[in-house]
Ligand SMILES: Cc1cc2nc3c(=O)[nH]c(=O)nc-3n(C[C@H](O)[C@H](O)[C@H](O)COP(=O)(O)OP(=O)(O)OC[C@H]3O[C@@H](n4cnc5c(N)ncnc54)[C@H](O)[C@@H]3O)c2cc1C
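In our numbering, the protein residues as written are 51 to 383.
Following this line, the structure appears as structure tokens:
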């Protein structure tokens, strides 16, 4: 690959923490590769840490043409100040056109700081990315005005064009152990003084099957009205061998844990079947479920916006429909 094509195209920040669960970097490599092709450029993943060779190899196997890697004991921990310093230095040297990161808690903290350092724009929590055929600019689609609108943002004058993207929006490429790529180790330069010290790490307790991977998701909203009725979703999900998701009001009411939240500020799911019960269909929520193959909605309001998205709609009171549905399914298993 020509040098300019390899280095000044689309860059993806490699967030390898919790590698087997957190797939957003791989999803961005797949999408970034498409964007890079349209720009006639290459896809580069940038990775920082202490010993990152194995991650670099993984990124190549998932589609990266080049991995720009930085290894230093001072980079072992994710520290926003050190990572910003190194990445800003390399961005200025290599001048990529596009720089993407997952909208994880780290990406949300790290990328605004980096964008400020580089004097460029940043679109947060994007739900789609495209290249404008006429201008070659990155079109960054992001919910705005509290999610009422989807805005298409471009960065015409400053580089790189930066965006964070919600996990689960794009699909990763399959692992190809024969893929070839180039791993380079540029000079890191001086690191800023580290002002934080990690004392201990507590792993987050997770479920056996991740909600994002469940083939069936049963999602409940405010319309369920009580913790008891919401609780029936667990049985429904178990009968369908699926998992439970929730809207923001259901989480706020304490009917579901925060890690069940679907949507713009929660998880994106792509199950074969999603049953949405007592949810109005607000854009901030539907962003997280629109990748489902089939959506069944249950709502007592025939004009609820969720019916526009649903493949099958059932107008009815959840308190009546849910027990009937459970009864019918119990007989079948
Ligand atoms: C910046 C921002 C980010 C946000 N991010 C998210 C996000 O990530 N995820 C998210 O979910 N929300 C998010 N929200 C909130 C979002 O805008 C909506 O308010 C929320 O999704 C609505 O949840 P809901 O459908 O459960 O409740 P409601 O909108 O109140 O809808 C309840 C529905 O239940 C129906 N209903 C009522 N009683 C019954 C019954 N007995 N049987 C059947 N149906 C019934 C009603 O007709 C209604 O349609 C965000 C908001 C903002 C401003």
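Where a beta carbon is used, it is the ideal one built from N, C-alpha and C, also for glycine.
Remember, predicted model here, so these are calculated numbers, not experimental data.
Expressed to the nearest angstrom, what Euclidean distance is found between the alpha-carbon atoms of residue 328 and residue 180? So the alpha carbons of these two residues sit roughly 34 Å apart.
Buried or exposed by the 16-neighbour rule on C-beta atoms within 10 Å, applied to residue 336: So residue 336 ends up on the buried side.
Cβ of residue 346 versus every heavy atom of ligand 1: is any distance shorter than 7 Å? Checking the Cβ of residue 346 against ligand 1 gives no.
Given the structure, does residue 320 come close to ligand 1, in the sense that its CB is under 7 Å from one of the ligand's heavy atoms? False, no ligand heavy atom lies under 7 Å from that Cβ.
Is it true that the segment 161-173 meets the segment 78-87, where meeting means three or more beta-carbon pairs spaced less than 8 Å apart? They do not touch, by the three-pair rule.
Rounded distance between the beta-carbons of residue 355 and residue 326, thought under 8 Å: Residue 326 to residue 355, Cβ: 11 Å. No contact.
Which ranges would you report for the beta strand (DSSP E) in the segment 267-337 if only whole runs of at least 3 residues count? The segment 267-337 contains, as complete beta strand (DSSP E) runs of 3+ residues, the segments 293-296 and 323-327 (chain order).
Measure from the alpha carbon of residue 184 to the alpha carbon of each residue in 176, 165, 206 and 192, then state which is nearest. Comparing Cα-Cα distances from residue 184 to each of 176, 165, 206 and 192, the minimum goes to 206.
Any idea if residue 66 is buried or exposed, counting beta-carbon neighbours within 10 angstroms, 16 or more meaning buried? By the 10 Å Cβ count, residue 66 comes out buried.
On the criterion of 16 or more Cβ atoms from any shown chain inside 10 Å, does residue 382 qualify as buried, or is it exposed? When all chains shown are included, residue 382 counts as exposed.
Cβ pair count under 8 Å reaching 3, the segment 219-235 against the segment 271-279: The answer is no - the segment 271-279 does not touch the segment 219-235, with fewer than three Cβ pairs under 8 Å.
How would you label residue 235, buried or exposed, when you count the other beta carbons within 10 angstroms and need 16 or more for buried? Classification for residue 235: exposed.
Residue 107 versus 99, 289 and 116, residue with shortest Cα-Cα distance: If we check each option's Cα against that of residue 107, 116 comes out closest.
Just tell me which of 182, 203 and 192 has its CA closest to the CA of residue 315. Selected option, being the one with the closest Cα: 192.
Selection from 288, 291, 308 and 287 that minimises the alpha carbon distance to residue 297: Taking each of 288, 291, 308 and 287 in turn and checking the Cα distance to residue 297, the smallest one comes out for 308.
Inter-residue spacing [alpha-carbon to alpha-carbon] between residue 263 and residue 321: Rounded to whole angstroms, the separation of the alpha carbons of residue 321 and residue 263 is 7 Å.
With DSSP run on the structure shown, which of helix, strand or coil describes residue 190? In the three-state reduction of the DSSP assignment, residue 190 falls in the strand class, which pools E and B.
Can you give me the C-alpha to C-alpha distance between residue 260 and residue 379, rounded to a whole angstrom? About 23 Å.
Please name the residue or residues paired with residue 152 in a DSSP beta bridge. Its beta-bridge partners are 215.
Let me know the secondary structure DSSP gives residue 89 once reduced to three states. Of the three classes helix, strand and coil, the one that applies to residue 89 here is coil, per DSSP.
Is residue 99 helix, strand or coil when you go by DSSP? Secondary structure of residue 99 (DSSP, three-state): strand.
Just mark residue 143 as buried or exposed, buried being the case when its beta carbon has 16 or more other beta carbons within 10 Å. The residue in question, residue 143, is exposed, as its Cβ has fewer than 16 Cβ neighbours within 10 Å.
How far does the beta strand (DSSP E) with residue 203 in it reach, from first residue to last? DSSP places residue 203 inside the beta strand (DSSP E), whose first and last residues are 199-203.
Does the beta-carbon distance from residue 113 to residue 59 come in below 8 Å? Residue 59 is positioned such that its CB atom lies no closer than 8 Å to that of residue 113.
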